[in-house]
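Working notes, structure below.
Protein chains in written order, with the working numbering: chain A, 424 to 1172; chain Y, 169 to 456.
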């Protein structure tokens, strides 16, 4: 556990952006207003799968007030190539095709054309006047259907990659990969108990409250200025430049405050389209999605079919595990099955493992990351099977997990060997929590547990600091702040400098004003950008020591910094006093830090939940919920708790009600927040949190990212709790009232 | 959404003329359905007649004829009204059930009825309470019982130029009680998967009469006369309650949609009718 004493880290200062957020002054993407601004509207496909025969924009162009109309024909035609988005590589043709459909539409809601006009109402009316002739094609909506030999094919050029090798086979399976460890047949032969089941999870959306929005000015000098809501200003810059076929230096992206992302605001949808409209009209153009656009036109996270088989000996040791995982990618390859396969057995030390993963395209929106993408689906399957194994062996579910928990030195089937991790400590904290031993009385009530893992990301981050004469420090970073990271990054600089968190003023800068910084994703900002701030602060300290040495006419090596006081021999000076004397000692001091960690050190989490099930309606009420997570070192504990509660709330929604309800012809039936049914405050109990701190050996302060692992266990936790309340195991998400009621009726016969 | 004109007449006759002059006009009360539907492109109009300034459409009054509720009186005024709270507690609970606090500041039960959604929460209870609709139009006024007001999803009996002025609910009989019970997957902010409204009049441990109506299980809110009639003269016990609940279930004609499968809805009808009756009986016993 973390034992080091810190002055700033581990405290709970007021967040730097707090006043603006609570008073409504914070500037979000849609708040941008430029002189001459036009409003854009996008025409979207009414078909899930169709060939575009012809697009006629003349009627739209003739409508008074319309300034520009664009289609895929306006996009630059350049050679296809692979674009590195930081969290994964994507062919340019897929990125371009998703922004404006060319040749075919691949899902209902696929953008086909766009209009800019003086008002939104005119733009919307003009969009409805664009005549598109479609030749509808049969659609395919689920992984299992899409994998059939006779399935309609989405991409004629898509050939299956199998075990890393290109096959010549055209299919909807973009990739089939396998991870293997030990000898799984020998493992199962050794097992006394084997449990095997198939699990399904529905397509769900991240559900951020702020819809996507982008404002773009294609300036007269050829520069393209973008203001938007994004998880990665540099991703927007690079993808927009690629799609428009201009050098990245031509694009400047200013990220505004962001009203939620959860992985869904990494992809680029609107910026290149608004740029084309601006180029054509000569005016700045803003496009803001409606909620329907968000559901139908942006990436949900994949639905999945997962078969898990696990075997254990009577002594409680898991000896073999096998998973078959097929995830729906949506319209373009890139289902989060890779990370899902890395995480499916990641919490356990198992000698014999086989994992097969399938990345399958279907006629739904192209999927995007969602908080530990792929891992929640996988843990729903694994943790349900683990629960059943424990029951069959007559073991306490946490004791059973503890006996098999991954530790330092455990090898995962996909290759890596764990450094120091906190899996055991998380399970022990669950066991020791009063919730686990509290009596649970009354009919139809049950308690469940589950654990989960997310590996987190490293990736490049940049940070600069400048020292002000009043002893404060300005911090400039490139990580858009979706979880309070401005403050957790500033706190790490403050700790090094020996000043207060409030003495550091953090600013998230545009892409011209800060060094390259990868997306806010993979729970990486407090870890990697925090590390860059640590390096920048060390740079400042080194220079400040030289200034002190100059004043004291001594050797800089003799100067120390302790709690904000520079000392050499019997002389001392505070950081603040020295900051006031920079002018006379050589001028301004600026520090810089740039890091590119290759790994991040994963985070484990666990949940305990009590539920009550109404056997007549199937409704599940969550009575009590406790979340435990390893934060390595909790920089700002209130933000860590907030992440744990947020991940739990989203996991509960995913478990109980959320889903894309599709008609057979591929239309989402519930594309509104009324019918999509995310949990409201009234559907959630107080979510209790326990922060475990097993320092991350590779980070200067031991930080582990905490944004994601917390969403992994909740669906399995609730499935296990529902089983203990009702005696029925649900193996399909969501476990909504009809599903629970039908399971109870079938049991009763 | 396209442009539209707007007028806010201050009398019933003013509204009649405005509607006569604009055949495509839509009537705006609280707007919690209409504005959402217009923004979503589901309804179009070139003229809006806002009826909130007409005194008759805003009144809530109790006298010997019963309770008059103006068609645009917002829910918050209904549950805050002393006579409603004292004499029609089931109606006060209903007004507090529809939407959240902000919605209740605008939405009216008259608007809920005119919107004619099969899932309208207000309608089963209004049917159970025996409410009548006062309708105005160029040809004069007429009255329609609530169970005959909705004719198809989103369609009601209002003819061209007609509008709902108020609802009239008879005075509560001695020994009476009522309740609306709905099922939603979330605890708030949701559309009824199914709902049941029930009213009972009890006498000497027996049902003198009862009325039962359902939401979300037919193209319109569904009055199940036979379920209530079956209770008349029966002793107040589990057996008779279950019999009525099963009759309600058998009358339901639900569809499967994104909100729930048909069979689940059918089964819910029995559960909800039983729960509504049980609560109505408790209220009736407290009333005696």
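Glycine residues also receive a C-beta, built at the ideal position from the N, C-alpha and C atoms.
Item to check | Distance CB(residue 323 of chain Y)-CB(residue 281 of chain Y) smaller than 9 Å | outcome: It is not a contact, given that the beta carbons lie outside the stated cut-off.
Item to check | Where residue 174 of chain Y falls, given that 16 or more other Cβ within 10 Å makes a residue buried | outcome: Exposed: under 16 other Cβ atoms inside 10 Å.
Checklist entry - When we look at the beta-carbon of residue 921 of chain A and count the other beta-carbons within 10 Å, is it buried (16 or more) or exposed? => result The Cβ neighbour count for residue 921 of chain A, taken over all protein chains shown within 10 Å, is at least 16; the residue is labelled buried.
Checklist entry - Would the beta-carbon of residue 278 of chain Y fall within 9 Å of that of residue 239 of chain Y? => result In this structure, residue 239 of chain Y lies closer than 9 Å to residue 278 of chain Y by Cβ.
Checklist entry - How should residue 350 of chain Y be labelled, buried or exposed, when 16 other C-beta atoms within 10 angstroms of its C-beta is the threshold for buried? => result Residue 350 of chain Y should be labelled buried.
Next on the checklist: Could you pull the DSSP bridge partners for residue 1060 of chain A from this structure?
Outcome noted: Bridge partners of residue 1060 of chain A: none, in fact.
Checklist entry - Can you name, in chain order, every residue of its own chain whose Cβ lies under 8 Å from the Cβ of residue 1089 of chain A, other than the five neighbours on each side? => result 470, 471, 472, 530, 531, 562, 564, 786 and 787.
Checklist entry - Can you tell me whether DSSP reads residue 185 of chain Y as helix, strand or coil? => result Residue 185 of chain Y: helix per DSSP, three-state reduction.
Checklist entry - Applying the criterion that 16 or more other CB atoms from any shown protein chain within 10 Å of the CB defines a buried residue, is residue 474 of chain A buried or exposed? => result By the Cβ neighbour-count rule, residue 474 of chain A is exposed, with fewer than 16 other Cβ atoms within 10 Å of its own.
Item to check | Residues bridged to residue 990 of chain A [DSSP beta-bridge criterion] | outcome: Under DSSP, residue 990 of chain A takes part in a beta bridge, and its partners are A/983 and A/995.
Checklist entry - What residue range is occupied by the uninterrupted alpha helix (DSSP H) comprising residue 826 of chain A? => result Taken as a continuous stretch (DSSP letters only), the alpha helix (DSSP H) holding residue 826 of chain A covers 820-827.
Item to check | Length of the line joining the Cα atoms of residue 512 of chain A and residue 518 of chain A | outcome: Rounded to whole angstroms, residue 512 of chain A to residue 518 of chain A spans 11 Å at the Cα level.
Next on the checklist: Just verifying my parser: in three-state terms, what is the DSSP assignment at residue 424 of chain A?
Outcome noted: Because residue 424 of chain A sits at a pLDDT of 43, beneath the cut-off of 50, its placement in the model cannot be relied upon, and the following sentence gives the value as read from the coordinates. In the three-state scheme derived from DSSP, where H, G and I count as helix and E and B as strand, residue 424 of chain A is classed as coil.
Next on the checklist: My output table needs one value for residue 569 of chain A: the three-state DSSP class, helix, strand or coil.
Outcome noted: In the structure shown, the three-state DSSP call for residue 569 of chain A is helix.
Checklist entry - Skipping 5 residues on each side, what residues in its chain have a beta carbon closer than 6 Å to that of residue 801 of chain A? => result Sequence-distant partners of residue 801 of chain A (beyond 5 residues in either direction) whose C-beta falls short of 6 Å from its own C-beta, in its chain, are 763, 766 and 767.
Checklist entry - Any idea what DSSP makes of residue 802 of chain A, helix, strand or coil? => result Residue 802 of chain A falls in the helix class under three-state DSSP.
Checklist entry - For the 8 Å Cβ check, are there 3 or more pairs between the segment 995-1004 of chain A and the segment 889-902 of chain A? => result Because the criterion of three Cβ pairs below 8 Å is met, the segment 995-1004 of chain A and the segment 889-902 of chain A touch.
Checklist entry - Sorted by chain position, which residues of the same chain lie with C-beta nearer than 6 Å to residue 884 of chain A's C-beta, five sequence neighbours on each side aside? => result In the same chain as residue 884 of chain A, and ignoring 5 residues on each side of it, the C-beta atoms closer than 6 Å to its own belong to 940, 951, 952, 955 and 1018, in chain order.
Item to check | Opposing strand residues paired with residue 268 of chain Y [DSSP bridges] | outcome: Residue pairing by DSSP places residue 268 of chain Y in no beta bridge whatsoever.
Next on the checklist: Any heavy atom of the ligand ADP inside 8 Å of the beta-carbon of residue 488 of chain A?
Outcome noted: The ligand ADP is absent from the structure shown, which contains no ligands of any kind.
Next on the checklist: Taking the alpha-carbon of residue 362 of chain Y as reference, which of Y/195, Y/246, Y/228 and Y/441 has the nearest alpha-carbon?
Outcome noted: Of the candidates Y/195, Y/246, Y/228 and Y/441, the one whose C-alpha sits nearest the C-alpha of residue 362 of chain Y is Y/441.
Next on the checklist: Quick check on the DSSP output: what are the complete beta strand (DSSP E) runs of length 3 or more inside the segment 1070-1145 of chain A, in order along the chain?
Outcome noted: Taking only runs of at least 3 residues, the beta strand (DSSP E) segments lying wholly in the segment 1070-1145 of chain A are 1110-1115.
Next on the checklist: Tell me which residues of the segment 432-455 of chain Y have at least one Cβ-Cβ distance to chain A shorter than 7 Å, keeping chain order.
Outcome noted: Listed by position, the residues of the segment 432-455 of chain Y near chain A (Cβ gap below 7 Å) are 432, 436 and 439.
Item to check | When A/534, A/1155, A/1136 and A/545 are compared against residue 417 of chain A, the one with the closest alpha-carbon | outcome: No statement about residue 417 of chain A is possible, as the shown extent of chain A runs from 424 to 1172 and does not include it.
Item to check | Interfacial residues, the segment 1101-1113 of chain A to chain Y, with Cβ spacing under 8 Å | outcome: So the list reads 1102, 1103, 1105 and 1106, given in the order they occur along the chain.
Item to check | Closer than 7 Å at the beta carbon, the chain A residues around residue 356 of chain Y | outcome: Correct list: 1103 and 1105.
Item to check | Segment limits, beta strand (DSSP E) that includes residue 1046 of chain A | outcome: From DSSP, the beta strand (DSSP E) with residue 1046 of chain A extends over 1043-1053.
Checklist entry - Can you name the residues of chain A whose CB is closer than 8 Å to the CB of residue 351 of chain Y? => result Those within 8 Å of residue 351 of chain Y in chain A are 1040, 1042 and 1160.
Checklist entry - Any idea what DSSP makes of residue 629 of chain A, helix, strand or coil? => result Of the three classes helix, strand and coil, the one that applies to residue 629 of chain A here is coil, per DSSP.
Checklist entry - At which residue ranges does the segment 500-534 of chain A contain complete alpha helix (DSSP H) runs of 4 or more residues, listed in the order of the chain? => result For the segment 500-534 of chain A, whole alpha helix (DSSP H) runs of length 4 or above, ordered along the chain, are 515-522.
Next on the checklist: Residues in the same chain with beta-carbon distance under 6 Å from residue 359 of chain Y, minus the five sequence neighbours each way, listed in chain order, please.
Outcome noted: In chain order, 287 place their CB closer than 6 Å to the CB of residue 359 of chain Y, counting only its own chain and leaving out the 5 sequence neighbours on each side.
Item to check | In chain order, each alpha helix (DSSP H) run of at least 4 residues that lies wholly inside the segment 336-399 of chain Y | outcome: For the segment 336-399 of chain Y, whole alpha helix (DSSP H) runs of length 4 or above, ordered along the chain, are 393-399.
Item to check | 8 Å CB neighbourhood of residue 1072 of chain A in its chain, flanking five on each side removed | outcome: Correct list, in chain order: 1102, 1107 and 1110.
Checklist entry - If you run the structure through DSSP and keep just helix, strand and coil, what is residue 257 of chain Y? => result Helix at residue 257 of chain Y.
Checklist entry - For the segment 527-558 of chain A, which residues have a beta carbon sitting closer than 8 Å to at least one beta carbon of chain Y? => result Using a CB distance below 8 Å, the part of the segment 527-558 of chain A facing chain Y consists of 544, 547 and 548, ordered along the chain.
Checklist entry - Taking 9 Å as the CB-CB limit, is residue 385 of chain Y close to chain A? => result With 9 Å as the cut-off, residue 385 of chain Y does not count as an interface residue toward chain A.
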